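Read left to right, the sequence shown gives residues 40 to 210 (my numbering).
Note that beta-carbon positions come from the ideal geometry of N, C-alpha and C, so glycine has one too.
Source: prediction; values computed, not measured.
Note sheet for the following structure.
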Amino acid sequence: MLLVMTVCGLGPAETFGLKWETVDLVSGEIEIVGNLTEVGGKAIPKQTKTEERARTVVLPSIVLRALKARYRKVKPTDYVFTAPEGGHMRLSNFRSRVWPKLLKKAGVPPITIYGLRHSAASILEALGVPLIYVSRILGHANIRTTDRYSHMFKDTQREVASKLNEYLKDL
């Protein structure tokens with residue numbers, strides 16, 4: 040689940056609402072057509088909130104392999120990612136009970152579950168993917184939203200400084 044979120048840039052509601060019927064394990068694509076939103080403590084399936092959020096995500100091979108392995112391992116239900124007792128996952132439970140333990144076990148600095156979406160944008164930008172493509176992958180209606188999501192890595196800053204040093208070396 041975390042791999043799908045970090046690599047593909049899906050938000051928590053999109054990830055929790057992901058159904059097997061929208062995952063094509065042959066072509067390696069996911070159709071994002073809805074999400075699972077909590078309202079008043081109840082999980083409610085909804086269509087994507089904007090036309091841009093409805094999109095097709097082509098899966099990198101690492102994500103496709105993980106989803107195929109999951110499909111073989113679990114008894115497929117409607118949802119791709121389910122609660123331990125079965126049924127859909129609830130973001131509030133995941134955020135309070137599971138997420139802090141995962142962060143501690145991984146030994147990483149605190150990040151929100153939604154921060155994985157920011158990580159996806161930052162990784163794609165660091166790889167040189169044009170911001171307009173990152174925007175479409177994340178399902179943003181406006182590229183300015185995507186610009187707020189991406190953050191520059193230290194290695195990227197060093198690479199920029201190195202390029203500037205080379206460019207300015209004769210001054």
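Which residue wins for smallest C-alpha separation from residue i, given the options the options?
| i | options | result |
| --- | --- | --- |
| residue 67 | 105, 90, 75 | 105 |
| residue 171 | 203, 198, 199, 91 | 91 |
| residue 50 | 64, 65, 75, 59 | 75 |
| residue 152 | 144, 162, 137 | 137 |
| residue 154 | 167, 126, 185 | 185 |
| residue 65 | 103, 94, 125, 139 | 103 |
| residue 88 | 139, 95, 63, 52 | 52 |
Classify residue i as buried or exposed, calling it buried when 16 or more other Cβ atoms lie within 10 Å of its own Cβ.
| i | result |
| --- | --- |
| residue 116 | exposed |
| residue 147 | exposed |
| residue 71 | buried |
| residue 201 | exposed |
| residue 180 | exposed |
| residue 178 | buried |
| residue 173 | buried |
| residue 83 | exposed |
| residue 108 | exposed |
| residue 197 | exposed |
Could you check how far apart the C-beta atoms of residue i and residue j are, in whole angstroms? I think they sit under 8 Å.
| i | j | result |
| --- | --- | --- |
| residue 149 | residue 142 | 6 Å |
| residue 160 | residue 188 | 4 Å |
Leaving out five residues before and five after residue i in sequence, what residues of the same chain have Cβ atoms less than 7 Å from its Cβ?
| i | result |
| --- | --- |
| residue 77 | 129, 130, 131 |
| residue 99 | 46 |
| residue 61 | 69, 70, 72 |
| residue 97 | 67, 68 |
By how many angstroms is the C-alpha of residue j removed from the C-alpha of residue i?
| i | j | result |
| --- | --- | --- |
| residue 43 | residue 81 | 24 Å |
| residue 191 | residue 165 | 7 Å |
| residue 135 | residue 203 | 45 Å |
| residue 112 | residue 119 | 11 Å |
| residue 85 | residue 55 | 11 Å |
| residue 208 | residue 167 | 25 Å |
| residue 169 | residue 182 | 11 Å |
| residue 121 | residue 79 | 20 Å |
| residue 193 | residue 210 | 25 Å |
| residue 157 | residue 127 | 24 Å |
Excluding five sequence neighbours on each side, which residues of the same chain lie with their C-beta closer than 8 Å to the C-beta of residue i?
| i | result |
| --- | --- |
| residue 101 | 42, 46 |
| residue 59 | 110, 115, 116, 117, 118, 119 |
| residue 163 | 48, 172, 173, 176, 189 |
| residue 205 | none |
| residue 125 | 116 |
Run the proximity test for residue i: is its beta-carbon closer than 7 Å to any non-hydrogen atom belonging to the ligand SAM?
| i | result |
| --- | --- |
| residue 68 | As far as ligands go, the structure on display features none, and thus does not contain the ligand SAM. |
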